[in-house]
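Below you'll find the structure, written out as structure tokens, and then a few comments.
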Amino acid sequence: MTKRISLTQYLIEQQRLHGHIPSQLRLLIEVVARACKRISISVNKGALGDVLGTAGSENVQGEVQKKLDIIANEVLIEANEWGGALAAMASEEMEGIYVVPNRYPQGEYLLLFDPLDGSSNIDVNVSIGTIFSVLKKPDGGHGVSEGDFLQPGDQQAAAGYCVYGPQTTLVLTVGDGVAMFTLDREQGSWVLTADDVQIPADTKEFAINMSNMRHWAPPVKQYIDECLAGKTGPRGKDFNMRWIASMVADVHRILTRGGVFMYPWDQREPEKAGKLRLMYEANPMSFLIEQAGGASTNGHERIMGLQPAKLHERVSVVLGSKNEVDRVTQYHLNAKS
Ligand code: AHG
Ligand code: MN
Ligand code: MN
């Protein structure tokens, strides 16, 4: 029988071998994983657990909240607030930061999350997920403020997501490659099922919401037109397209078999940099993608190099197989010059 490695064992071994996971961080990751297990149980219950449909409220971005958006947010807060590893949390579903109540010890980390990614897929039984990013609270100063969260993605101590699909899979980086853990429901444990994940540099698969084509900027249009032209076009090969409308599921496919994912700026709301949120969607996904040998830009520069100005900042996203991302980025640079 092949030896099964649990998440706990993996993290302890990382700590021992490389010494770069302090015990607070290890605890924090285990707690996030436990929360994802609980969210997964609710997701699986679906209509039986009365978790489908809308909650009748809106979040700070003006989006209608689904019941599961709120349930997942509460599960993550409840699970994480008492452990002693965190100073504060921030979420897509909360306007301001959530400071750990003073009845609990304050830790040195900050946790950001998109509790339920792909909300439009909840009610139709298509893969959804949870995305998280861990930052260190800057040294000095008493208390914790929103400003402490405004750090570039390069500062992340850990990042990951959990995809609730045919299998429930947790994907994690602590800055030393990407590992995947599948939830064993009978045992209730996360089992390492892929380590040192690598994305092929080339691909024949792209993911973009094609219904927005008429609103795209010329470099995006050029790239997709060339893919669509196939074998007889300038790329000399046929491309396939996938769009799940859950970033988690699209990124999971890319980490598994390569591809390029784009949610670019477009003309629908030109004042917004993009649709996706920098701090709890784009940054953690970019960390995973880069750790797996891929690339991630906003069309012009590395996403993880961007200095955020606000918690719920949006960003244009191009990520995945390195050569394709470099090509899209080059088309944007050409358009500028
Ligand atoms: P969320 O459900 O957290 O608001 O995120 C949804 C995001 C992302 O997961 C997905 O790639 C994209 O929105 C889908 O947008 P469209 O419906 O515009 O295709
Ligand atoms: Mn999302
Ligand atoms: Mn969400």
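Residues in the sequence shown are numbered consecutively from 1, following our numbering. Here a beta-carbon is modelled for each residue, glycine too, at the ideal position from N, C-alpha and C.
Residue(s) in a DSSP beta bridge with residue i
i, result
"C162", "T130 and L170"
"V99", "A88"
"S6", "V191"
"M180", "V171 and A194"
"K266", "The sequence shown places Asp at residue 266, not Lys. In DSSP, D266 forms a bridge with W216."
"T232", "DSSP output for T232 lists no bridge partner at all."
"D117", "G129"
"L278", "Answer by DSSP bridge pairing: none, since L278 is not bridged."
"G320", "V260 and A295"
"L111", "M89 and V134"
Buried or exposed by the 16-neighbour rule on C-beta atoms within 10 Å, applied to residue i
i, result
"T2", "exposed"
"R253", "buried"
"S211", "exposed"
"V318", "buried"
"E81", "buried"
"K275", "buried"
"H332", "buried"
"P219", "buried"
"N343", "The chain is shown from 1 up to 337; residue 343 falls before or after that span and cannot be answered."
"G118", "buried"
"V60", "exposed"
"Q291", "buried"
"R16", "exposed"
"Y104", "exposed"
"M241", "exposed"
"D69", "buried"
For residue i, the nearest candidate out of the options (CA to CA)
i, options, result
"L48", "D123, P22 and G118", "D123"
"T173", "A157, Q187 and P166", "A157"
"L76", "C36, V60 and I97", "C36"
"L192", "I199, Q198 and D184", "D184"
"R146", "V99, A201, T329 and D114", "Per the sequence shown, residue 146 should be read as Glu rather than Arg. Answer by Cα proximity: V99."
"A33", "V60, E13, K45 and A72", "A72"
"V144", "L27, G96 and M285", "G96"
"N121", "G188, L52, N59 and M180", "L52"
"L112", "Q106, I131 and S127", "I131"
"A85", "P101, I303, E108 and L17", "E108"
"M262", "T297, N323 and N59", "T297"
"E63", "H312, S316 and L11", "H312"
"E340", "P152, P115, L7 and E324", "Summary: the structure shown does not reach residue 340, with the chain confined to residues 1 through 337, and so no result is reported for it."
"R235", "D202, I208, H215 and G258", "D202"
"V126", "M285, F287, A245 and E269", "A245"
"P270", "R314, P284 and H300", "R314"
DSSP three-state assignment for residue i, whether helix, strand or coil
i, result
"S211", "helix"
"G62", "coil"
"K136", "strand"
"L52", "coil"
"N240", "strand"
"T203", "coil"
"V328", "helix"
"L288", "helix"
"R185", "coil"
"G46", "helix"
"V124", "coil"
"S57", "strand"
"V144", "coil"
Give me every residue whose Cβ sits closer than 6 Å to any heavy atom of ligand 5, in chain order. Absence of ligand 5 is noted for the structure shown, with ligand 1, ligand 2 and ligand 3 being the only ligands found.
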